[in-house]
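The next block holds one structure in the form of C-alpha cells; read it before the comments.
There are 2 protein chains.
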Amino acid sequence: MTVPHETPVLAPASIPAAITTLRVRGLRVSAARRLVLEALFAADGPVTADAIADGLGGRLPESDLASVYRNLDTLEEIGLVRHFHVAHGAGRYALASRHHAGYVVCEHCGAHRPLERGTVAQIAAVLREACGYDPQLVHFPMVGRCPECRF
Amino acid sequence: MTVPHETPVLAPASIPAAITTLRVRGLRVSAARRLVLEALFAADGPVTADAIADGLGGRLPESDLASVYRNLDTLEEIGLVRHFHVAHGAGRYALASRHHAGYVVCEHCGAHRPLERGTVAQIAAVLREACGYDPQLVHFPMVGRCPECRF
DNA sequence: ATACTTGCAAATGATTTGCCAGTGT
DNA sequence: ACACTGGCAAATCATTTGCAAGTAT
Chain A
47 MTVPHETPVL APASIPAAIT TLRVRGLRVS AARRLVLEAL FAADGPVTAD AIADGLGGRL
107 PESDLASVYR NLDTLEEIGL VRHFHVAHGA GRYALASRHH AGYVVCEHCG AHRPLERGTV
167 AQIAAVLREA CGYDPQLVHF PMVGRCPECR F
Chain B
47 MTVPHETPVL APASIPAAIT TLRVRGLRVS AARRLVLEAL FAADGPVTAD AIADGLGGRL
107 PESDLASVYR NLDTLEEIGL VRHFHVAHGA GRYALASRHH AGYVVCEHCG AHRPLERGTV
167 AQIAAVLREA CGYDPQLVHF PMVGRCPECR F
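See below:
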C-alpha cells in the first residue's frame, strides 16, 4: 500500500552521520537506538513503530515497542525523524531527510503518498484566504480516497 | 474554543422530526436515545461523545458513555448524525442537518471551524489534479494553525 | 412476548509512563 | 562511577464489545 518515495534531500543521509548527530547532542548510542536508525534507513517509506519493533518483518532483530517509541521521540527531538498520523491507523515515522512537504492518506486502503511542495503551497493559499488557518499537512496529512479506491 | 456555526439546512431540524425518522426505520425511542438527540440539538456546535454523556456539563442528565457511542453510531447510520476526527483528540458529533462541507481544526488550541463548500471544492480540485486523490474533509478535517495560534 | 437497548465491565489499539536493572562514556 | 537507557508491566485515551437485565412496541 505504501507508495515509493522520491530521493532524500537534507540532513544525515547515512547511519554513521546520524550517529555522529546523536553524539554531538550528548546522547548515547545504544543497540536499541541503532536498531531504530537501521530500520528507518532500511525502510522504503514511512513505517509504524510497530513495524520497527518487529524488525521490519524479520529483516532486522526485534526490539521493545516502548523503547522504539521513546527512541523515535528522541530522534525526532533532535531533528533526525519526522512522523505523521494516518486516519484511524497508527502513526508513520521516517527519516527527516526523506520526509516531504505533506502527505495524503487513503481512508480506505491506507495508502499514503507524498505531496509536492507546490501542491501544499496551493492548498495552504486557498485555506489561508478562506479562514486564516495555516494547514500542517506534514504532521496531519489530508485524508481522502486514492484513485483505486474511488469505487 | 468552538467557533459558532451557520444556520441549519437539511434533514430533521427538530426533535419530534428526528424521532419520527427513528420510528420509520423501526428503531426504538428509548430514554438514552432521546437524550443523545436532545444533547445534539442543545449543543451549539460539534461535541464529543464524552460531553454528551456528561449531559453537556450539567445542562442535561448524564448517560452511559458506551450507550452514547452506540446511539451516535445508530443515528449516524440512519443519516441523522455525522462526526469528524480532531487531530489527537476525541471525535466530534453533530446533527447532519447542522453539518458542513468540511472543517479545519487548530492543532494548537483545538478550535474547529466549518469550511464553505467552495473552499472544499477548490482544495479538492488542487489535490485531484496533483495526485488523483479525492479529499474527505468532512470525516477527517484538515489540521492547521488558527490565526490566533500562529505565534 | 420478544427483539431491541441499556448499563457496566472488560477488551481494543496506539502510545505513554513508572521502575529498576543494565550499560554507554 | 553514574547518568542515560532498556525491558517489561501497567496506565492512558478514545472507542468498542460481551452480556445479562430491562423495556419499547
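From first to last, the protein sequence lines stand for chains A and B.
Residue numbers for the first sequence follow the working numbering, so the first one is 47 and each next one is one higher.
Residue numbers for the second sequence follow the working numbering, so the first one is 47 and each next one is one higher.
For glycine and all other residues, C-beta sits at the position ideal for the given N, C-alpha and C.
Same chain, Cβ closer than 6 Å to residue i, five either side skipped, listed in chain order
i, result
"His145 (chain A)", "Arg128"
"His185 (chain A)", "Phe130"
"Glu153 (chain A)", "Ala133 and Val189"
"Gly101 (chain B)", "Pro107 and Glu108"
"Val151 (chain B)", "Val132, Ala133, His158, Pro187 and Val189"
"Leu121 (chain A)", "Val127"
"Val55 (chain B)", "Since pLDDT at Val55 (chain B) reaches only 43, below the 50 mark, its modelled position is unreliable, and no value is offered."
"Val75 (chain B)", "Ile65 and Leu68"
"Phe197 (chain A)", "none"
"Arg163 (chain A)", "Ala147"
"Leu141 (chain A)", "Leu86"
"Ala63 (chain B)", "none"
Contacts that residue i makes with chain A (C-beta to C-beta distance below 7 Å)
i, result
"Glu162 (chain B)", "Ala176"
Proximal chain A residues relative to residue i, where beta-carbon distance stays under 9 Å
i, result
"Cys192 (chain B)", "Cys177, Gly178, Tyr179 and Asp180"
"Glu153 (chain B)", "Gln182, His185 and Phe186"
"Val127 (chain B)", "By Cβ distance, chain A contributes nothing, its closest Cβ being about 18 Å from Val127 (chain B), past 9 Å."
Cut-off 7 Å between Cβ atoms - residues of its own chain near residue i, not counting five sequence neighbours on either side
i, result
"Asn117 (chain B)", "Ala78, Arg79 and Val82"
"Val114 (chain A)", "Val82, Ala95, Ile98 and Ala99"
"Arg71 (chain B)", "Ile124"
"Arg105 (chain A)", "Ala88"
"Asp180 (chain A)", "Ala170 and Arg174"
"Asp119 (chain A)", "none"
Within chain B, partners of residue i - CB distance below 7 Å
i, result
"Arg196 (chain A)", "Asp180"
"Arg159 (chain A)", "Cys177"
"Phe130 (chain A)", "Residues of chain B passing the Cβ test: none, with the nearest at roughly 10 Å."
"Ala133 (chain A)", "Phe186"
"Val70 (chain A)", "Within chain B, no residue comes near Val70 (chain A); the closest Cβ sits about 28 Å away, beyond 7 Å."
"Ile124 (chain A)", "Residues of chain B passing the Cβ test: none, with the nearest at roughly 22 Å."
"Val82 (chain A)", "In chain order: nothing, as chain B lies at least about 22 Å away."
Under 8 Å from the C-beta of residue i: neighbouring residues of chain A
i, result
"Thr165 (chain B)", "Val172, Leu173, Ala176 and Cys177"
"Ile98 (chain B)", "Here the premise fails: no neighbours, minimum Cβ distance about 21 Å."
Beta-carbon gap between residue i and residue j smaller than 8 Å
i, j, result
"Tyr139 (chain B)", "Leu73 (chain B)", "no"
"Ile61 (chain A)", "Glu84 (chain A)", "yes"
"Gly137 (chain A)", "Leu183 (chain A)", "no"
"Leu161 (chain B)", "Ala176 (chain A)", "yes"
"Gly135 (chain B)", "Cys192 (chain A)", "no"
"Thr165 (chain B)", "Val93 (chain A)", "no"
Listed by chain order, chain B residues near residue i by CB distance under 8 Å
i, result
"Val199 (chain A)", "Given that chain A is displayed from residue 47 to residue 197, the structure contains no residue 199 (chain A) and the question cannot be resolved."
"Ile65 (chain A)", "What Ile65 (chain A) touches in chain B: nothing, since even the nearest Cβ is about 31 Å away."
"Ile61 (chain A)", "Within chain B, no residue comes near Ile61 (chain A); the closest Cβ sits about 31 Å away, beyond 8 Å."
Residue i: CB within 7 Å of a non-hydrogen atom of the ligand ZN
i, result
"Ala170 (chain B)", "As far as ligands go, the structure on display features none, and thus does not contain the ligand ZN."
Cutoff 8 Å; reference residue i; Cβ partners in own chain excluding five residues on either side
i, result
"Ser110 (chain A)", "The sequence given here has Asp at residue 110 (chain A), not Ser. Once the five neighbours on either side are set aside, the close Cβ partners of Asp110 (chain A) are Ala78 and Ala99."
"Gly25 (chain B)", "Within the shown structure, residues of chain B are numbered from 47 to 197, placing residue 25 (chain B) beyond reach of any answer."
"Ala112 (chain B)", "none"
Beta-carbon neighbours of residue i, restricted to chain B and to distances below 9 Å
i, result
"Val93 (chain A)", "Those within 9 Å of Val93 (chain A) in chain B number zero; the least Cβ separation is about 20 Å."
Item to complete: Please specify which runs of the alpha helix (DSSP H), each continuous and at least 4 residues long, are wholly inside the region 67 to 106 of chain B, giving them in chain order.
Response: 77 to 88, 95 to 99 and 101 to 104
Worksheet item: At which residue ranges does the region 117 to 185 of chain B contain complete alpha helix (DSSP H) runs of 4 or more residues, listed in the order of the chain?
Response: 163 to 177
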